[in-house]
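Under the numbering used here, the first residue of the sequence shown is numbered 675, with each subsequent residue one higher.
Idealized CB from N, CA, C, for every residue including glycine.
This one's a predicted model, so the numbers in the text were calculated from it and none came from an experiment.
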Amino acid sequence: MGERSRFSLPSLGIVPVRSGRPSVDDARAALGGRLATEPSVGVCVRVTMKRGAAAIGVVVCAYGDERDVWIGEGRFVRVRERDVSALGEVEPSLAAIAKDAARFATLREGDEVVFLDRAQLERTGTLVEKCRYGGLVSAQDGKIVAVSFRRLLARPYSSSRA
Numbered sequence: 675m676g677e678r679s680r681f682s683l684p685s686l687g688i689v690p691v692r693s694g695r696p697s698v699d700d701a702r703a704a705l706g707g708r709l710a711t712e713p714s715v716g717v718c719v720r721v722t723m724k725r726g727a728a729a730i731g732v733v734v735c736a737y738g739d740e741r742d743v744w745i746g747e748g749r750f751v752r753v754r755e756r757d758v759s760a761l762g763e764v765e766p767s768l769a770a771i772a773k774d775a776a777r778f779a780t781l782r783e784g785d786e787v788v789f790l791d792r793a794q795l796e797r798t799g800t801l802v803e804k805c806r807y808g809g810l811v812s813a814q815d816g817k818i819v820a821v822s823f824r825r826l827l828a829r830p831y832s833s834s835r836a
């Protein structure tokens, strides 16, 4: 269905984009390409794989008839809607992934966000491009970083902004 990226989300976590490192285009490709997802994200599903085997996962991106499903450890499969069936309840081992995917689905380009860097430090920035598996964020230091959907959340408004 598409060329496989040479990056994986566990290694991607957050990637500063500067000379000698992946370009913005490389980071965008590693995050699955620019795309605003449709509803049904964060649902636990059973996936029928190409060779007939089944897997349990979480829908992290839905677009038209395509579903990108997290099947564990930063691995995704892209399948057709007909190849997934909802489990009806959240699989306990996937609850955190489902919550993160649903939260990410609510973000929009231009939103102020909070994200965790590789050192697990909280940073702020603006979501400049939303992709299938995360986003490109303009950090406050001016760098563009690629951030996994698991590490991004909306920046809470302070009471002074009410």
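Span separating the alpha-carbon of residue i from that of residue j
i: ALA769; j: VAL717; result: 10 Å
i: GLY738; j: ARG825; result: 25 Å
i: TRP631; j: GLY809; result: Absent from the model: residue 631. The displayed extent of the chain is 675 to 836, so no value can be given.
i: ARG806; j: ILE730; result: 19 Å
i: LEU705; j: ALA820; result: 8 Å
i: GLY784; j: GLY707; result: 17 Å
i: PRO684; j: GLU747; result: Residue placement at PRO684 cannot be trusted, given a pLDDT of 47 that sits under 50; the coordinates are not used to answer.
i: GLU786; j: ALA703; result: 22 Å
i: ILE771; j: LYS817; result: 27 Å
i: THR800; j: ARG754; result: 32 Å
i: SER697; j: VAL802; result: 15 Å
i: ASP699; j: ARG725; result: 32 Å
i: ARG752; j: ALA727; result: 15 Å
i: ASP815; j: LEU709; result: 25 Å
i: ARG756; j: VAL719; result: 11 Å
i: SER833; j: VAL788; result: Below a pLDDT of 50, predicted positions are generally treated as unreliable, and SER833, at 41, falls in that range; no measurement from the model is reported.
Expected contact under 8 Å - CB spacing of residue i and residue j to nearest Å
i: ARG741; j: VAL733; result: 5 Å
i: ALA776; j: VAL715; result: 6 Å
i: ALA828; j: LEU781; result: 6 Å
i: PHE823; j: PHE778; result: 4 Å
i: ALA736; j: PRO713; result: 7 Å
Where residue i falls, given that 16 or more other Cβ within 10 Å makes a residue buried
i: THR711; result: buried
i: LYS804; result: buried
i: ALA701; result: buried
i: ASP774; result: buried
CB contact below 8 Å: residue i versus chain B
i: VAL719; result: Judged by its chain identifiers, the structure shown contains no chain B, having just a single protein chain.
At least three beta-carbon pairs within less than 8 Å, the segment 756-767 to the segment 786-806: no
Length at least 3, wholly inside the segment 746-780: the beta strand (DSSP E) runs in chain order: 749-754 and 758-760
Continuous beta strand (DSSP E) assignments of at least 3 residues falling wholly in the segment 690-729: 718-722
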